[in-house]
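**Q** If you count by this note's numbering, then the sequence shown holds residues 343 to 608, one letter each, in order.
Have a look at the structure that comes next, please.
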Amino acid sequence: MVVVTDKHSGAGPSNRHLLGSFVETVLDDDSTSPEFDAGLNIDDSDDCASESKTRNELDETATIPISHVTKFAVPQDISDLSSSSPISILKVQCRSDPRFISNTRRSWKSLPMADLDKILQQANALNPSIQHTQSATPLRRYSVSFDTIRVRFYSQTVGDNPSVSYGPPISLNCDYVEQEEETVDDYESQRPKRRTLRQMALSYYHRKNLLSLQYGVSEGDLKKAKKQAERIKMKRSITKTFLPVMTVESALESASRRAMHLVRHK
């Protein structure tokens, strides 16, 4: 900030009327150096010496002649956000100062990093309800537990799954019988030992007798389900056998479609 006074009056404005926290370095009025025209880009050593002046030295200065342009800098910690005095955010010429910003387009990279820890501390101090809310709501761990078990017994009927070894397939029906609820401890104490895969497999005779005798499926329905399962298994085996030829078949179909397209547009 430049302050101009009358050269002949000998009295200038008081220091508290100086606007800003910077007064430019002492220069002669007849100076025509390119550094002055370029925006006071002077040597770093002169800038650092001029910026190290204190407010006590400013108080001793009574007048500022018009032939001089003076720059004063009050050394402050730019990270001290809690100070009552204002902090200048203008750039300075001294490279050792943390407020120095280069003249390049990427000068924003030269700015000092923000102290996030200090900012959070000040925010918590200004708003203590945030810290109280966070401490009042601890993290809750969710878990799943079971108290009772209800078992359903579904009936069985003729199915359509072709992966059966031989004979008619069998599957679950929509009808079921539901037992009463019992506790997990009672169920685990009475539960039989888990069966193996061989014990859970149903043979042809077991499936046929179960469907015909227990669930009343007729002999014609059993034969029909058997033929349908064999037909689906045969189609799947053919598809599996000719699977490598499918790529050639798709290529031939694509070529035939392109040929027909060219013939139609001639």
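All C-beta atoms, glycine included, are put in the ideal place defined by N, C-alpha and C.
Here the structure is a predicted model, which means the values were calculated and not measured.
Give the straight-line distance between the Cα atoms of F495 and Y557, rounded to the nearest whole angstrom.
**A** 14 Å
**Q** By a C-beta neighbour count over all protein chains shown, 10 Å radius and 16 as the cutoff for buried, is R549 buried or exposed?
**A** buried
**Q** How many Å lie between K568 and P586 at the Cα?
**A** Their Cα atoms are separated by approximately 30 Å.
**Q** From which residue to which residue does the alpha helix (DSSP H) around T583 run?
**A** E561 to T583
**Q** Mark L594 as exposed unless 16 or more other C-beta atoms lie within 10 angstroms of its C-beta, in which case mark it buried.
**A** exposed
**Q** Report yes or no: do the segment 574 to 582 and the segment 535 to 552 share at least 3 C-beta pairs separated by less than 8 Å?
**A** No: fewer than three Cβ pairs fall under 8 Å.
**Q** How many whole angstroms separate the CB atoms of L564 and P510, which I take to be in contact at a CB cut-off of 8 Å?
**A** 5 Å
**Q** For the pair the segment 590 to 604 and the segment 521 to 534, tell me if three or more CB-CB distances fall below 8 Å.
**A** no
**Q** Taking the alpha carbon of Y518 as the reference point, which residue from S560, D528, T490 and S497 has its own alpha carbon closest?
**A** S497
**Q** What residue does the beta strand (DSSP E) around E520 start on, and which one ends it?
**A** I512 to E520
**Q** For a test of the three-state rule: what should DSSP assign to T490, helix, strand or coil?
**A** strand
**Q** Out of L514, S487 and S507, state which residue places its alpha-carbon closest to the alpha-carbon of D527.
**A** Looking at the Cα atoms, S487 is the closest of the given residues.
**Q** If you count every other CB in all the chains shown that lies within 10 Å of the CB of D371, and 16 or more means buried, which is it?
**A** Model confidence at D371 stands at a pLDDT of 42, short of 50, so the residue's coordinates are unreliable; what they give is reported in the following sentence. It counts as exposed.
**Q** To which residues does DSSP link T499 through a beta bridge?
**A** As a beta-bridge residue in DSSP terms, T499 pairs with S513.
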